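> Dropping the structure in here first, questions after.
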Amino acid sequence: MEYPVLTGAVALLAFICLITLAMFWPGKTDIQAQARQPYHPVHLLVVLGSGGHTEEMLSMLRHAELDPAVYIRRTYIVSSGDAFSARKAVEYEKNLETSGETSQDESKSSNYTIITVPRARRVHQSFLTAPLTTLQCFGFCMLMLMGRHPDQLILTAQSSSSSSPCPGYPDIILTNGPGTGVCVVVAARLLRLFDPLVCRILPQARSDISSTSKASTYSGPESRSHSGPRDQRRGTRRYLRTIFIESWARVTTVSLSGKILFPLVDRFLVQWEGLAGYSGWFGFGRKAEYVGTLLS
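Quick look at the structure:
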C-alpha cells in the first residue's frame, strides 16, 4: 500500500511543479516567419474528450465554419480507447471536404491527423495512481507537440510527399475541458519557455508549412476574417497559442479544468454572461471573455 501512495505523491508533486513553472515563467510566443505573407496558413490542434466534450467541440467547429484553405493542417488529439471521438473527427473532416465551401485543389492541399495519447485518468481509477497516468499523458502530449509522437513518426515514414504530415508546432490549440487538454496546455506552455533548447535538439519543430503548401497563396475574402495568428506590425508568426472554451453547460461556475488552466491559456472564453469577468483564484490581471453561444 505504501508504494502506490509514495509514487502517486511524487508524481502529483512533479505535475504541480510543472504547472507552477508554466504559470509563473511564461516563455516567448513569436518566431520570425520564413516568408512574410499576409495570410499565413494555420496548423490547428483540437483536443477531443470522450462523449459530451467531443460533441460540443465539433459543434463549435461547425459553428466557426473553418476555411480549410487557411486552416490547412488540423490535428485531433484523442485518448486511448476513445474510438467515439476518433470516429466523430473523421466524420467532421468528411463533411468539411464535401461541404462545397472548398474547391478541389484546396481540398487536396489540406490535411488532418488523429493522434492517440494515454488517458490522463481512467474511469473509476484510484486517485493514488492517477498522477502517474497523468504524467504519462503529459509526456506523450509533449512528444506530440514536438512532432515526435509514435503516431506522427509512423505517418511521416509512410508519407510519400515531400511535406511531413506533422510539420512542427501547431499555431493554435483548442480545448474545452477534458483532462487531456490540461496536459496539452501545460506541455505547450513549457515548450514556449524552453523553445531555444528544444529547437537546438529538434530544429524541425519550428518548420514552416507555408513554403510547401499551395494554400499559402490563398487570398480570397474569407482569409481576411480567418487569417493565421500573426503579428502584422512585427511580421512574426505566433505558435502554440492556447484557447480554452468553457463548456456551454457551465452557466454559473467554472469547471475544474478551467480553474487549473485559467492562468495558463492565452484566451479563456465563456458562453454565459454569468461567467463574464471571471478572474480565477488570484486574479492574474486578466478576466474571462464572454463570447455568447458558440454551438451550431
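Under UniProt numbering, residues 1 to 296 are what the sequence shown spells out, in order.
For each residue, glycine too, the CB sits at the ideal point set by N, CA and C.
Owing to the predicted nature of the structure, the values given are computational and were not obtained by experimental measurement.
Does the pairing of the region 240-249 with the region 48-67 give three or more beta-carbon distances under 8 Å?
These segments touch.
> Count the other C-beta atoms from every protein chain shown that fall within 10 angstroms of the C-beta of P170, then say buried if there are 16 or more, exposed otherwise.
What you label residue 170 is simply residue 170 of the sequence shown in a count that begins at 1. Classification of P170: buried, given that the 10 Å Cβ count is 16 or more.
> Taking only the alpha-carbon atoms, compute the straight-line gap between D266 and Y239 and give it to the nearest angstrom.
Start at 1 with the first residue of the sequence shown, and residue 266 comes out as number 266. Start at 1 with the first residue of the sequence shown, and residue 239 comes out as number 239. Near 11 Å, if we compare the C-alpha coordinates of Y239 and D266.
> Where does E246 fall in DSSP's three states?
Taking the first residue of the sequence shown as 1, we reach residue 246 at position 246. If DSSP states are grouped into helix, strand and coil, E246 belongs with coil.
> Compare the beta carbon distance of L96 and T75 with 8 Å and say whether it is the shorter of the two.
Numbered from its first residue, the sequence shown carries residue 96 at position 96. Numbered from its first residue, the sequence shown carries residue 75 at position 75. It is not a contact, given that the beta carbons lie outside the stated cut-off.
> Just list the beta strand (DSSP E) runs in the region 56-110, keeping only unbroken ones of 3 residues or longer that don't cross its boundaries, in chain order.
Segments of the beta strand (DSSP E) lying fully in the region 56-110: 73-79.
> For F262, does the three-state DSSP call read helix, strand or coil?
Reading the sequence shown from its first residue, position 262 is the one you call residue 262. Coil, per DSSP.
> Considering only their Cβ atoms, is the gap separating T133 from R148 smaller than 8 Å?
What you label residue 148 is simply residue 148 of the sequence shown in a count that begins at 1. What you label residue 133 is simply residue 133 of the sequence shown in a count that begins at 1. The answer is no: Cβ separation not under 8 Å.
> By a C-beta neighbour count over all protein chains shown, 10 Å radius and 16 as the cutoff for buried, is H43 buried or exposed?
What you label residue 43 is simply residue 43 of the sequence shown in a count that begins at 1. Buried.
> What is the C-beta distance between S80 and T116, in whole angstroms, given that I count them as a contact (C-beta under 8 Å)?
Within the sequence shown, the letter at position 80 stands for residue 80. Within the sequence shown, the letter at position 116 stands for residue 116. With a Cβ gap of about 6 Å, S80 and T116 count as contacting.
> Helix, strand or coil for F268? Go by DSSP, reduced to three states.
Taking the first residue of the sequence shown as position 1, residue 268 is located at position 268. Of the three classes helix, strand and coil, the one that applies to F268 here is strand, per DSSP.
> Distance check for G51 and I172, CA to CA, integer angstroms please.
Looking up residue 172 in the sequence shown gives position 172. Looking up residue 51 in the sequence shown gives position 51. Whole-angstrom Cα-Cα distance: 23 Å.
> Which of the three DSSP states is assigned to H40 in this structure?
Residue mapping note: residue 40 aligns to position 40 of the sequence shown, counting from 1. Three-state result, H40: coil.
> Taking the alpha carbon of L155 as the point to measure from, which residue in G177, L174 and Y112 has its own alpha carbon closest?
Here residue 155 refers to the residue found at position 155 when the sequence shown is read from its first residue. Closest option to L155, Cα to Cα, is Y112.
> Near G181, what residues of its chain come up, given a Cβ to Cβ distance below 6 Å and the 5 sequence neighbours on each side ignored?
Along the sequence shown, one-based indexing puts residue 181 at 181. Excluding positions up to five away in sequence, the list reads V47 and T175.
> I need the DSSP call for V117, collapsed to helix, strand or coil.
The residue given as residue 117 occupies position 117 in the sequence shown. Note: V117 maps to strand in three-state DSSP.
> So which of F140, S279, G177 and L145 has the shortest CA-CA distance to S255?
For the purposes of this step, residue 255 is taken as the residue at position 255 of the sequence shown. The candidate whose alpha carbon is nearest that of S255 is G177.
> Output the distance between the C-alpha atoms of G277 and L153, rounded to the nearest integer angstrom.
Here residue 277 refers to the residue found at position 277 when the sequence shown is read from its first residue. Here residue 153 refers to the residue found at position 153 when the sequence shown is read from its first residue. Using only the alpha carbons, I get a separation of about 42 Å.
> Kindly identify the DSSP beta-bridge partner or partners of R241.
Residue numbering aside, residue 241 sits at position 241 when the sequence shown is read from its first letter. For R241, which the question treats as bridged, DSSP gives the partners I172.
> Can you tell me which of the three DSSP states V182 falls into?
Locating residue 182 in the sequence shown gives position 182, counting from the first residue. Helix.
> Using 10 angstroms around the beta-carbon of T293, count the other beta-carbons present and answer buried if the total reaches 16, otherwise exposed.
On the sequence shown, residue 293 is found 293 positions in, with the first residue counted as 1. By the neighbour-count rule (16 or more Cβ atoms within 10 Å), T293 is not buried but exposed.
> Using the Cα positions of G168 and R73, report the straight-line distance between them to the nearest angstrom.
As a first step, residue 168 must be located in the sequence shown, where it is residue number 168. As a first step, residue 73 must be located in the sequence shown, where it is residue number 73. So the two alpha carbons sit approximately 11 Å from each other.
> Is the beta carbon of G49 less than 8 Å from the beta carbon of R121?
Locating residue 49 in the sequence shown gives position 49, where the first residue counts as 1. Locating residue 121 in the sequence shown gives position 121, where the first residue counts as 1. No.
> Please list, in chain order, all residues of the same chain as P165 whose beta carbon is under 8 Å from its beta carbon, the five residues on each side excluded.
Along the sequence shown, one-based indexing puts residue 165 at 165. Because P165 carries a pLDDT of 45, less than 50, the predicted location of this residue cannot be relied on, and no value is offered for it.
> How many angstroms separate the CA atom of D82 from the CA atom of H124?
Within the sequence shown, numbered from 1, the residue matching residue 82 stands at position 82. Within the sequence shown, numbered from 1, the residue matching residue 124 stands at position 124. Roughly 16 Å separates the two Cα atoms.
> Counting along the chain, where does the alpha helix (DSSP H) carrying A157 start and finish?
Residue mapping note: residue 157 aligns to position 157 of the sequence shown, counting from 1. Per DSSP, A157 belongs to the alpha helix (DSSP H) from P150 to Q158.
> Considering only C-alpha positions, which residue in the set A69, S99, F84 and P41 is nearest to R62?
For this step, residue 62 is matched to residue 62 along the sequence shown. Measuring from the Cα of R62, the nearest candidate turns out to be S99.
> Starting from G51, trace the alpha helix (DSSP H) both ways and give me its first and last residue.
The residue you call residue 51 lines up with position 51 of the sequence shown. Segment: none, G51 is in no alpha helix (DSSP H) and carries neither H nor E.
> Going by DSSP, which residues form a beta bridge with Y112?
Translated into the one-based positions of the sequence shown, residue 112 becomes position 112. According to DSSP, Y112 bridges with R74.
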